[in-house]
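Taken in sequence, the protein lines are chains A and B.
For the first sequence, the residue numbers in this note's numbering are 1 to 115.
For the second sequence, the residue numbers in this note's numbering are 1001 to 1110.
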Amino acid sequence: ETGVTQSPTHLIKTRGQQVTLRCSSQSGHNTVSWYQQALGQGPQFIFQYYREEENGRGNFPPRFSGLQFPNYSSELNVNALELDDSALYLCASSLGGSSTYNEQFFGPGTRLTVL
Amino acid sequence: AQRVTQPEKLLSVFKGAPVELKCNYSYSGSPELFWYVQYSRQRLQLLLRHISRESIKGFTADLNKGETSFHLKKPFAQEEDSAMYYCALSGTSGYSTLTFGKGTMLLVSP
């Protein structure tokens, strides 16, 4: 069984640029959630994808967007980067499809630095 | 709005001492509560969830709905318990996601 993987590990961008982060879900999982973890903070929910559809969204502006592919891997796209977007971005996969909580398994994260 | 509060950024204890990591929550309903742990250079992982009522690595947590708390306890801390601990809540929004607290760093000294 393969765990959640994320790429790249680290990324440096400048303000105004666009970035794409990638996540491969754990084998058998059909749901991917993305979190932003700023320095000294807990992870904050960005959005969730279930079977290629956005299934919920946190308090993030539309320049944060995502995709989920038929193999359940996912991308997080951020446009018009701002300095405050500098953070660790975590992807978590789970087996969704019910209203009850299903354990989320986290990837190692992508560290984004915006200069 | 749902919220999780962990009042301590850092908790430093000696090996063998009791540990209590505090967590309070705000949610208008019946949430599920969790503790996640992140050891140095490792990924975030689930430590325990309140509905399972398990003891994992000697840690326990009791959900107190009256005080809206879910404190994490261990009677005798070990050096290997040093890590970042996050309390988290999952609501009944129709999709399962997590609201995290800011975390408490536990340092256990020999």
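By construction, the Cβ of each residue, glycine as well, lies at the ideal position given by its N, Cα and C atoms.
Cα-Cα separation, residue i to residue j
i               : j               : result
P62 (chain A)   : V1004 (chain B) : 25 Å
P43 (chain A)   : N59 (chain A)   : 13 Å
D1081 (chain B) : G3 (chain A)    : 23 Å
S117 (chain A)  : V1037 (chain B) : Outside the shown range of chain A (1 to 115) lies residue 117 (chain A), about which nothing can therefore be said.
C1087 (chain B) : P70 (chain A)   : 32 Å
H1071 (chain B) : F45 (chain A)   : 22 Å
E75 (chain A)   : L21 (chain A)   : 6 Å
Q18 (chain A)   : L1048 (chain B) : 37 Å
Q1002 (chain B) : L67 (chain A)   : 26 Å
V1108 (chain B) : A1077 (chain B) : 7 Å
E53 (chain A)   : G96 (chain A)   : 12 Å
T9 (chain A)    : F47 (chain A)   : 20 Å
L1046 (chain B) : G16 (chain A)   : 36 Å
Chain-ordered chain B contacts of residue i [CB-CB under 8 Å]
i             : result
L90 (chain A) : L1044
G16 (chain A) : Neighbours of G16 (chain A) on chain B: none; closest Cβ ~29 Å, over 8 Å.
Chain-ordered chain B contacts of residue i [CB-CB under 7 Å]
i             : result
S33 (chain A) : T1097
Proximal chain A residues relative to residue i, where beta-carbon distance stays under 7 Å
i               : result
G1103 (chain B) : G42
Y1086 (chain B) : G42
Contacts that residue i makes with chain A (C-beta to C-beta distance below 9 Å)
i               : result
F1100 (chain B) : Y35, Q37, Q41, G42, P43, Q44 and F45
Listed by chain order, chain B residues near residue i by CB distance under 9 Å
i             : result
Q68 (chain A) : Near Q68 (chain A) there are no residues of chain B at all, since even the closest Cβ is about 13 Å away, more than 9 Å.
G28 (chain A) : Per Cβ cutoff of 9 Å: no residues; G28 (chain A) is ~16 Å from chain B at best.
DSSP-derived helix/strand/coil call for residue i
i               : result
E1054 (chain B) : coil
E53 (chain A)   : strand
L115 (chain A)  : coil
E1020 (chain B) : strand
L90 (chain A)   : strand
L1098 (chain B) : coil
Next item on the list: Pair every Cβ in the region 84–94 of chain A with every Cβ in the region 1010–1028 of chain B, then say whether three or more of these pairs are closer than 8 Å.
Entry: no
Next item on the list: Enumerate, from N- to C-terminal direction, the unbroken beta strand (DSSP E) stretches of 3 or more residues contained entirely within the region 1022–1069 of chain B.
Entry: 1024–1026, 1032–1038 and 1045–1049
Check: In chain order, which beta strand (DSSP E) runs of at least 3 residues are fully inside the region 2–43 of chain A?
Finding: 5–7, 10–13, 19–24 and 31–37
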